[in-house]
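What follows is a short report on a single structure.
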Amino acid sequence: MTVKQLLHLDPQRCDGCGDCVTACAALGHPARLRVRSSAANPGANGALACCRHCERPLCAAVCPTACLQVGSNGVVLPRPERCVGCRLCLVACPLGGMVFDAQGKAGKCDLCLELGRRGHPPACVASCAKGALQLVDLGNQSALQRRALAEHRGAHLKHHLGGGPSRAGGA
Amino acid sequence: MREEIMMAAGETMLLIDQSRCVGCHACETACKMENNVPPGPRWMEVVEHESVDAAGDVALSFLPLNCRHCADAPCIAVCPTQALARDGLGLVRLERERCIGCGECLFVCPFGAPQFGEDRLMQKCHGCRERRARNLPTACAQYCPSGALRCATPRELSHLVRTSRAALGAARAD
Amino acid sequence: MQTPEVWSRHTELVLMWGCNASAAGIHQEIGYLYDAMERGARLIVVDPIVTAVASKAHLHLRPRPSTDAALALGMINHIVSRNLHDQDYLERHTQGFSQLMEEAGQWTLERTREVTGVPEGLIAQAAEEYATHRSLLECGYGHQRYTNGHRTQQAISALAAVCGHMGQPGAHCNFMEVGAAYTGFLNSARVQNPPGADIKKTRLISISHFGPALRAAQDPPIKGIIKWRGSLITQQPDARGMIEAVKGLDFLVSIDQFLTDDTDWSDLVLPACTIFEQWGVHPSYRHQYLQLQVPVLEPQHESMPDIDFWAELARRMGYEAYFPREWTGLDWLRLLLPDDFPLEQAMHPHGPVRLPERFCPPVPNWDGNFQTPSGKIELYSGVYAERAQRFPGEWDPVPRYVPSAESPDGDPERAARYPLLVVSQHPATRTHSQFGNLPYIQEIEGPATAMLHPDDAAARGIAEHDRIRIYNDRADSHVLAHLTRKVLPGTVELDSGRWIKTGGNVNLLIHPRAAGPRDVGDGVMAEYDMQLDGHTIPYFNLLVEVEKA
Amino acid sequence: MRHVVLGAGPAGLAALASIRRADPSARITLVSGEPGPPYARMALPYYLSGELSGRLLYPHPASWYRSPGVELRFGDPAEELDLPRREVLLAGGDRLRFDRLLIATGSRPQLREAPGIHLPQVHTLWTLADARRLRRKAAGAQEVVIWGAGMVAFLAAKALLAPGRRVHFVCRAEHLLRRALDREAAALLEQVLEEAGAVLHRGVNLAEIRPGPGKRCRVLLTDGRELPSDLVLVALGVLPNLDWLGDAPLARRQGLLVDGSLETSASGVFAAGDVAEVPDCITGEPVVPALWSVAVDQGRVAGLNMAGHRLSCDPALRANTIVFHRYVVATLGCPLLQDGTVVHRQLDRARRTYRCLVLSRGRLVGAILAGDVTAAGYLRTLLRRGVRVADPDEVWEAVP
Amino acid sequence: MRRFSAEEIRDLVVREVPPAGISLARTPLPTKTTWEDRTVEVDRVVKTACSRNCYDTCGILAYVKDGRLLKVEGDPDHPINRGTLCVKGYTYPQRVHSPDRVQHPLLRTGERGEGKFRRVSWEEAFDWICERLHALRERWGSEAFMEYLYSGNREFLGKQVSGRFLALFGASKLVGSF
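Residue numbers (this note's numbering), protein chains in the order written: chain V, 69 to 239; chain S, 3 to 176; chain A, 480 to 1028; chain R, 798 to 1197; chain D, 46 to 223.
Structure below.
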């Protein structure tokens, strides 16, 4: 099974500096992600407007010319020659993933596949000094959250049957 | 620590009693067997946590983590396709045909409940809707050997907690 | 064995010794333990590892592995010094208390702490609490898996006797019943030795010393084995030696459900039925209920029920007379069970049934009588004294702490080269080598991992999840490191039961030796007494060094 | 299970994909009245303008349709529905038996009688054949008259506006796209169109078309003016393709009435796309949205339900884009609702951007974005959810 | 510690422990169960037992549908496991129907240790064993043969039946604590 990866923005760490947006735009296309300032946005990933590379992408479903396709690696990519600029994908995507260039052609995050092939992280991730933007895979993310929660709860464990290990000791 | 969750508008709720859990993982395989869940996604996962106090003593805690069917569920709020909704029993219901696999729910769920399997769409604990509609305990509760997971009406659970406290109190007074 | 329905209702304190109740026998131990604790019973756990059940305890004593006998003797000495022992019980139902105290009297709290590493205050508190409550001593196998394991059990049992915590509801010393107690009512002889057959006594091969025995057996050597219901290569110590021994066979037949380490070395592999595809009978070795196993499914694929296989092989080898073709498992079952056994009561849709009290009384030894020559608890045992003559160094009439082989105390020279002692838990997710191949289990277990104390790891430059090599002069095993204070400094935990071909097997590293109570020599024997000779493999006598791979 | 899907537009193709996924053993016949493989009608203006090559009009390669159990009947439209026998009669004479039927026959251009409407200079733009014909005819055309000012007219204009060519809109209303846009948004769009060579004739209608001079014709307007024209396009809107159903007992008003699962009044017969009348997401009123995105969604849900699922289709949320060259307008929900609404407008003439939020009883009911439509997807979600909005500024702040 | 008298113990045992030799089944066996969040009728529910090397020896209710083990539950009437199984027990359906099971007799074709086999019939397998047993007895005597079994399945009947054959054959005998 290919592990699904996507960008995650940790709003606790993001200070809205915009380095990620600059780094993305520096690749020679309009920035393919946008970030709200963390103060205005308490929601987890909602601060990030970027493609989530959905398994059943709404953008691709609505595209009249089948310009948008899910690749075998799970990354949703446009075929620019097919794009007529109708923006139906932009309206359909609830996550702000679609970005149009000056020519009116659809563009979107490709997780920096080319950089990935050379072993580098996506430009936005590399640019984030706060470690707020990360490329995560869904399975690991779930496990991480669960461990973090257990850590949070573990410190407060009391044993109603008697009070936990009051004393322990050994070599 | 007792934690009350999964208030079902119908009849029963699930009590997760962390003080009884020994991390045996039986609920995990029971859940997978009951729901024929393929390897990979873990609707229920028991996580162990180790902490060390100032004296160097080690304490372990075990936390069974499934979907808590939160009353104010963040996953419902962020799901862009309304694939998640509250059903008549009060459970957070996933309509898989609406799921587009965007992963939004995972990032807002504090329990890591959303799981992604071979088809890369979300799946999770459904709260044993059918069992609870028939007033049966959830599979994890029915099959838990340590009594850490219990599914009953709030009245029954409250009685259970009170009687065990009373017994403990009586024993200590001896 | 006092049955849990009784002890859980009456005990005031459970002293769980060498027993990871959260992983093994979880229903008896955890379920009934919580029943007792809900009633207010206290829990004291003795285990070098912080197991889940230890984390639930009021007191947790963590002796250095294999020093448990010293701990028990120290507790006895402290109890007697505080006059908390049961003089009346000792006088009426035991013998040899003074000889016991000659030994135990040397175990001051200070000396006990020095040997075991358990703080003196904790030893004293545990001893006092144990002595002054209606206390159940629940023993597991952990402390027995050393060459001194029989001595340790001897000492722990003495602790219960000194306090008079025997034969009373809620107060007893529970440890594993060896076979005979719960299977004694079955007509094994009637099945194994058919009347009229010419059956000769043959030589005996020790299962606990199987590898050496295979190599040592002469006149004739062992040349053919049919292997079933066990893992010869995964689960015996010194897997390499075992493989060498197997190479000398003319043939090895494996009856297995999966392609295991064993089948790789087999000449013929036969498909085994699971428990859902055949008849059987299940006496427990700890609880007192008997169950029958009935075929639930047709044999899957071409698998064959075990009984059918042996009967068919026997018929083809010329023993048709003793294996009637028309007999099903049920007929064999009738032959095995006593004629007056209520078969219908124990079988689907009925059952289970309690065994008759004469085989397993719910409150054993309630009358203060014991199955010893004197009828008393022999704190000084004449039988042991006699065996101490025959097997010097293996036995003592009174419990003593003797350092176990291949441990820091028992073999300092080796410990200088391989300073870490391996404790090999049985994880909840496996029974020995079984279940680990199933996807549901694999996703819970993850890759093979060893627990290392952070101090030991730091000294070796090992970080969490580093790939490490655990080795000694016999072999090595590659696993991931998990840094945790659940293990004591100087010890490594590596679960038992990982397959060699999928990595992380611990038995590769273990020296093949049998743990007392008797020296089994090369494993080829003429006589064997289950009660006195019962010996096991000291799986935890293992010193290693660890490095980053 | 035998499925027959009538129509190979967005709804029909989405249904085909869904049925195939949900029931790999299904037998599916896809019927299309048009010859040749299914193409994207939405993209015809781009083909006509030359922006898109003809081969890219086809969303799927031939191999996409080729799968076990799928049969294609192109150029053979359905002519009759025999409900009692559960058969569809095709024009070619074949009868197709079905267990589940999807009617997704789409719509056709609305025509209106007027003197001269049958002259050779008069065309419609709806099918690929239309587009091919127009491509030839438009080659040398300098003056084009479009009768109508709705979405179809706009699309035609978009295809035909080119340097050296004037395109006249005959527009009965005060402004273009009266059903979709408010005055402010329309004005911005009109400005862009006018700069590209469009001429708007507001508040008038077409009275007559007269032949000549030469290859040209003359369009007479109701105010008496006369427009010489190389080409006349009739673009007065569309009607659901339901005539073929004759008096088949299927409940209908403007379109076929369907329940939440998109099943019509006849069991096992579903409808999706431009023929289905469904409740509007905002008003709850029955509508025939005739929108691409709605058709895709309905096709998907209808297909799954045909294959045995029990999904309910969301009420139609009207969301559309109007693109002229690089200028984009998006309309969402019901921005033209009048009763009890509060409208918040922000217009920046210099940058030619405009955005408006329409609230009703504290909830967002519609929005129009012009010039910058970045927020469209986000607003669409707010509309779908019926989110309460206390302060419109909050909405704009929340847009990432 | 106050000691219970013999009479008290006798009374308490009668109260707290079921009588010997009488079926403890009280709960009627179900005819349906839940699976994949729906209620399903099963073909039968069979009461059986777990045989692993574990002293709980749990009572099992096995649910069978269409010839497959659909799921397993603990026997609610079993005084020890009281209706539950363990992490391993609940994987039995996966184990029984695992695609990795040895499905038919396999005869080695490669070198020992390589794990290469070819499928053979049971007939061929029995002939193969018998031929070697005869040759072994001829060449080395019957004590050159033995079984190896340990605690992989602690079911008690099977090893009595193998024991009958091994005793008749005169094989070396495996002893120790199992």
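Backbone N, C-alpha and C define an ideal beta-carbon position, used for all residues, glycine too.
Query: Are the CB atoms of V143 of chain V and D178 of chain V within a distance shorter than 8 angstroms?; Result: yes
Query: Please identify the residue among R:P1025, R:V1066, R:L1024 and R:V942 whose C-alpha is closest to the C-alpha of L1042 of chain R.; Result: R:V1066
Query: Please confirm if S1090 of chain R has its CB atom under 8 angstroms from at least one CB of chain V.; Result: yes
Query: Is M166 of chain V helix, strand or coil by DSSP?; Result: strand
Query: Which bits of chain A does T248 of chain D rub up against, with CB to CB less than 8 angstroms?; Result: This structure gives no information on residue 248 of chain D, because the portion of chain D shown stretches from 46 to 223.
Query: So which residues of chain S does R1178 of chain R contact, with C-beta pairs closer than 7 angstroms?; Result: Residue 1178 of chain R is actually Thr in this sequence, not Arg. By Cβ distance, chain S contributes P82.
Query: Could you pull out every residue in the same chain whose Cβ sits closer than 6 angstroms to the Cβ of P841 of chain A, ignoring the five residues on either side in sequence?; Result: T482 and V485
Query: Applying the criterion that 16 or more other CB atoms from any shown protein chain within 10 Å of the CB defines a buried residue, is N109 of chain V buried or exposed?; Result: Any reading at N109 of chain V is ruled out, since the residue's pLDDT is 43, under 50, leaving its predicted position unreliable.
Query: Starting from G517 of chain A and walking both ways along the alpha helix (DSSP H), at which residues does that stretch end?; Result: First, the amino acid is wrong: residue 517 of chain A is Glu here, not Gly. First-last of the alpha helix (DSSP H) with E517 of chain A: Y511 to E517.
Query: Determine, using beta-carbon pairs with one atom in the region 726-741 of chain A and one in the region 692-711 of chain A, whether at least three such pairs fall under 8 angstroms.; Result: yes
Query: From which residue to which residue does the beta strand (DSSP E) around E1005 of chain R run?; Result: L1003 to P1008
Query: In the DSSP assignment, the alpha helix (DSSP H) including M798 of chain R goes from what residue to what residue?; Result: Per DSSP, M798 of chain R belongs to no alpha helix (DSSP H) and is neither H nor E.
Query: For a test of the three-state rule: what should DSSP assign to E156 of chain D, helix, strand or coil?; Result: coil
Query: Going along chain V, which residues have a C-beta under 9 angstroms from H857 of chain R?; Result: A134
Query: Could you tell me whether the Cβ atoms of P906 of chain A and P716 of chain A are closer together than 8 angstroms?; Result: no
Query: Looking at the secondary structure, which residues open and close the alpha helix (DSSP H) in which P483 of chain A lies?; Result: P483 to H489
Query: Going by DSSP, what residue range makes up the beta strand (DSSP E) through K1027 of chain A?; Result: L1022 to K1027
Query: Taking T742 of chain A as part of the alpha helix (DSSP H), name the residues at either end of that continuous run.; Result: D740 to D743
Query: Applying the 10 Å Cβ sphere with the 16-neighbour rule, what's the burial state of L212 of chain V?; Result: exposed
Query: Once DSSP output is grouped into helix, strand and coil, what is the label at C1014 of chain R?; Result: strand
Query: Quick one: using the 10 Å Cβ neighbour count with 16 as the cut-off for buried, is M1009 of chain A buried or exposed?; Result: exposed
Query: Are any of the Cβ atoms in chain A nearer than 8 angstroms to that of R122 of chain S?; Result: no
Query: I'd like to know if the region 593-600 of chain A and the region 534-549 of chain A are in contact, where contact means that at least 3 CB-CB pairs between them fall below 8 angstroms.; Result: yes
Query: Is G203 of chain D buried or exposed, if buried means 16 or more other CB atoms sit within 10 Å of its CB?; Result: buried
Query: Under 8 angstroms Cβ to Cβ from V1001 of chain R, same chain only, skipping five residues before and after it: list those, please.; Result: V967, C968, R969, L1018, T1019, D1020 and R1022
Query: Please identify the residue among V:L201, V:F168 and V:G175 whose C-alpha is closest to the C-alpha of G1168 of chain R.; Result: V:F168
Query: Indicate whether C127 of chain S and A32 of chain S have their beta-carbon atoms separated by less than 8 angstroms.; Result: no
Query: Within 10 Å of its beta-carbon, does E823 of chain A have 16 or more other beta-carbons around it, so buried, or fewer, so exposed?; Result: exposed
Query: Nearest by alpha-carbon distance to A995 of chain R: which of R:R963, R:A1032 and R:L1003 is it?; Result: R:R963
Query: Return the chain-ordered ranges of every alpha helix (DSSP H) run that is complete within the region 650-724 of chain A and spans a minimum of 4 residues.; Result: 659-662, 667-671, 689-695 and 711-714
Query: Taking the Cβ atom as the reference point for each residue, do N666 of chain A and A212 of chain D lie within a distance shorter than 8 angstroms?; Result: no
Query: Would you mind working out which of D:G134, D:T136 and D:G119 sits nearest G128 of chain D, comparing C-alpha positions?; Result: D:G119
Query: Under the three-state reduction of DSSP, which class applies to G497 of chain A: helix, strand or coil?; Result: coil
Query: Please confirm if A174 of chain V has its CB atom under 8 angstroms from at least one CB of chain S.; Result: no
Query: In chain B, which residues lie less than 8 angstroms from E132 of chain S when you measure between Cβ atoms?; Result: Among the protein chains of the structure shown, namely V, S, A, R and D, there is no chain B.
Query: Can you tell me where the alpha helix (DSSP H) holding H629 of chain A begins and where it ends?; Result: G628 to V641
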